[in-house]
DNA sequence: ATATGTGAATTGATTCACAGCG
DNA sequence: CGCTGTGAATCAATTCACATAT
């Protein structure tokens with residue numbers, strides 16, 4: 352398969368959310384025009400994005416909402432649950448542990464880790480807190496696939512290395528720093544302070560382009 | 352000025368963070384190679400990104416850390432404070448209100464809004480909670496530039512329209528939906544669930560590319 | 001000698017026009 | 001006839017090579 356643009360993957364996630372909304376509204380069929388309107392991209396773009404993965408529509412009639420939704424879930428790897436751990440149970444880690452309906456989103460929160468002995472052994476937001484030294488065994492025992500990295504920036508690189516060492520291949524990086532991981536490990540940054548600074552740039556002057564980001 | 356790629360703006364934010372770290376470490380000079388290493392991009396890319404805005408280095412000697420940092424802060428519009436409000440004081444809104452050292456990041460939290468009468472009039476995480484009907488006057492009174500949109504997805508579009516109606520031109524959108532805003536208003540999405548789904552895609556198979564996202 | 005700044009080449013993504021199929 | 005699917009064309013971004021300045 353051709354190499355898929357990362358922007359395409361982001362848009363597929365958006366299309367899936369729109370299809371879920373349509374299905375909740377019991378709408379049976381849709382079109383690239385409708386998806387494009389909702390996702391705020393062109394209809395060409397929608398069809399091109401889908402075409403990387405196959406042919407899901409009916410010419411002249413558009414797409415079946417349940418079918419296309421099922422296909423997108425399959426393409427995105429959301430037909431099986433993913434086991435998640437939180438690394439760093441500070442403010443943000445705790446807020447994420449409290450996040451409602453994780454299971455509904457195909458992700459299961461299995462464990463959390465913190466270097467503070469006062470937190471280890473406690474049960475916060477529905478998840479047990481373990482010592483950082485227990486990572487290897489907990490990751491193996493719960494088949495953890497993905498970690499939320501919610502430690503302070505200066506601790507992020509070392510924490511990432513512990514996670515990778517334990518066998519984790521997916522990291523959602525909330526720390527405001529670029530982390531360095533070996534080949535085969537995937538990092539998705541989630542940095543609202545960076546988003547805020549980009550907003551400052553666009554507000555302050557610069558080009559007249561309104562829609563930014565992924 | 353040429354139209355600046357959004358990816359360049361994202362990288363400038365990263366370079367600025369690196370320069371701040373270097374300055375904290377009292378390192379006086381640096382080079383495109385060092386910045387590239389830290390930001391995990393090529394040195395060509397660093398120089399090209401900077402070249403959109405001017406010439407900041409000395410051939411043969413690299414860049415002065417304080418000078419380049421000052422220039423990047425100016426380019427990104429961070430030489431003046433930005434006034435921020437939070438729209439939606441649920442879990443996430445409250446967590447953001449509690450976020451430490453906002454001022455240190457050149458952003459001042461001035462007000463928050465919620466539709467729940469039980470929250471209005473309270474003071475949460477150092478910020479007053481106002482009714483949604485008070486947006487116009489509070490935005491004018493505190494010269495609010497940017498809003499954090501932290502309402503549920505189904506309320507996001509209407510909330511965004513209230514913010515835009517009140518004169519806000521920058522929205523950091525934490526709701527997992529695409530919002531539609533008029534020309535001249537800037538939206539930066541911050542959607543960790545979307546990041547999680549992209550991770551599922553990359554983990555599940557797909558191309559062997561490890562570094563993703565902005 | 002060394003590291004920046006930049007036009008040219010390349011690679012990649014988006015847009016387009018229309019062929020293909022129901 | 002309508003809307004999808006897709007090669008070709010356009011547009012944008014990145015990479016490269018090297019001229020340039022100190």
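Protein chains in written order, with my numbering: chain A, 352 to 565; chain B, 352 to 565. Where is the CB? At the ideal position from N, CA and C, for every residue including glycine. Given the structure is predicted, the values throughout are model-derived calculations rather than measurements.
- Message: Quick check: is the beta carbon of residue 446/B nearer than 8 angstroms to any beta carbon in chain A?
- Response: Residue 446/B counts as touching chain A.
- Sheet register partners of residue 481/A (DSSP bridge): Beta-bridge annotation (DSSP): residue 481/A is paired with 464/A.
- Message: Pull the bridge partners of residue 539/B from the DSSP assignment, please.
- Response: Beta-bridge pairing links residue 539/B to 523/B.
- Query: Taking 8 angstroms as the CB-CB limit, is residue 507/B close to chain A?
  - Reply: Closer than 8 angstroms: no.
- Task: Locate the alpha helix (DSSP H) running through residue 437/A, then write down its first and last residues.
- Result: That residue, residue 437/A, is in no alpha helix (DSSP H); its beta strand (DSSP E) goes 433-438.
- Near residue 414/A, what residues of its chain come up, given a Cβ to Cβ distance below 7 angstroms and the 5 sequence neighbours on each side ignored? If we look at residue 414/A and ignore the five residues flanking it on each side, its Cβ neighbours are 380, 381, 382, 407, 408.
- Under the DSSP definition of a beta bridge, which residues are partnered with residue 380/A? 415/A.
- Message: Check for me: the beta strand (DSSP E) holding residue 500/B runs from which residue to which?
- Response: Boundaries of the beta strand (DSSP E) harbouring residue 500/B: 497-500, taken from the DSSP string.
- Message: Does residue 459/B come out as helix, strand or coil in the three-state DSSP assignment?
- Response: Here residue 459/B sits in strand by DSSP.
- Query: Mapping DSSP to helix, strand and coil, what is residue 365/B?
  - Reply: If DSSP states are grouped into helix, strand and coil, residue 365/B belongs with the helices.
- Query: If you drop the 5 nearest sequence neighbours on each side, which residues of the same chain put their C-beta closer than 7 angstroms to that of residue 447/B?
  - Reply: Correct list, in chain order: 437, 499, 501.
- Just mark residue 488/A as buried or exposed, buried being the case when its beta carbon has 16 or more other beta carbons within 10 Å. The residue in question, residue 488/A, is exposed, as its Cβ has fewer than 16 Cβ neighbours within 10 Å.
- Query: Does residue 389/A come within less than 8 angstroms of chain B when only Cβ atoms are used?
  - Reply: True, the Cβ-Cβ gap to chain B drops below 8 angstroms.
- Item | Whole-number beta carbon distance between residue 484/A and residue 463/A, since they are thought to touch under 8 angstroms | Not confirmed; about 14 angstroms, so no contact.
- Please check if any C-beta of chain B sits within less than 8 angstroms of the C-beta of residue 497/A. Yes - at least one Cβ of chain B is within 8 angstroms of the one on residue 497/A.
- Message: Distance cutoff 8 angstroms, beta carbons only. Does residue 520/A sit that close to anything in chain B?
- Response: It does; some Cβ of chain B falls within 8 angstroms.
- Task: Just the C-alpha distance for residue 511/B and residue 469/B, rounded to the nearest angstrom, thanks.
- Result: Rounded to whole angstroms, residue 511/B and residue 469/B show a C-alpha spacing of 22 angstroms.
- Just tell me which of 504/B, 539/B, 527/B has its CA closest to the CA of residue 521/B. The shortest Cα separation from residue 521/B among 504/B, 539/B, 527/B belongs to 539/B.
- Using DSSP with H/G/I as helix, E/B as strand and the rest coil, what is residue 357/B? Assigned with DSSP and collapsed to three states, residue 357/B falls in helix.
- Task: Could you name the residues of chain A that residue 503/B contacts, counting a contact when the two beta carbons are closer than 9 angstroms?
- Result: Chain A residues near residue 503/B: none, gap ~11 angstroms exceeds 9 angstroms.
- In angstroms, rounded to a whole number, what distance separates the CA positions of residue 392/B and residue 473/B? Between residue 392/B and residue 473/B, the C-alpha separation is close to 46 angstroms.
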